[in-house]
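Reviewing the structure listed below.
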Amino acid sequence: NHTVLFENGHIRLLEVTIRAGEKENFHGHQYPSVFAFDAVQPRGQDTLMDTGVTRDIGRMYENAELPACLTMGVQAPHAFHVVDSFQQHFYRLEFKKVDGKDIFKQP
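The numbering of the sequence shown is the working numbering, which starts it at 486 and goes up by one.
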């Protein structure tokens, strides 16, 4: 479901596609991220591995101007299940290294 489009020492760009009715395998994300949405996001269920708790997620950006984005911190293992009639698609930019103010320091 996650395809690496680009990666270097600072970032990794993933394309995420989950077909209608499909449930991902459990997986986690060790880096903070920015999600870039290029389409309406389908309804789904996100299950956390450690607790077994499942959250219902409603459609996102159905009446919004696209593209849209949001930030996400590190994620514990989870599995997303698309319960809508269309696929989920977005890009995830993971920040493997966050320099902050140090980005301006010369090596």
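The C-beta atom is built at its ideal place from N, Cα and C for all residues, glycine as well.
On the CB-based measure, 16 or more other CB atoms within 10 Å of its CB, does residue i come out buried or exposed?
| i | result |
| --- | --- |
| GLU547 | exposed |
| PRO527 | buried |
| GLN515 | exposed |
| VAL567 | buried |
Alpha carbon to alpha carbon, how far is residue j from residue i? Give it in angstroms, no decimals.
| i | j | result |
| --- | --- | --- |
| GLY585 | HIS512 | 28 angstroms |
| SER570 | GLY529 | 10 angstroms |
| LEU578 | GLN572 | 20 angstroms |
| LEU551 | ALA521 | 9 angstroms |
| MET534 | VAL559 | 14 angstroms |
Give me the residue from the options with the minimum Cα distance to residue i.
| i | options | result |
| --- | --- | --- |
| GLY543 | VAL525, LEU555 and GLN560 | VAL525 |
| ALA553 | GLU579, VAL559 and MET545 | MET545 |
| ALA440 | VAL583, THR532, LYS581 and VAL489 | Look at the range of the chain in this structure, 486 to 592, and you will see that residue 440 is not part of it. |
| GLU500 | ASN510, PHE575 and VAL583 | PHE575 |
May I have a chain-ordered list of the beta strand (DSSP E) segments no shorter than 3 residues that lie completely inside the region 543-581? As summarised for the region 543-581, the continuous beta strand (DSSP E) elements at least 3 residues long and confined to that stretch are 553-557, 560-567 and 573-580, given in chain order.
Should the region 497-510 be regarded as contacting the region 533-541, the criterion being three or more beta carbon pairs within less than 8 angstroms? No: fewer than three Cβ pairs fall under 8 angstroms.
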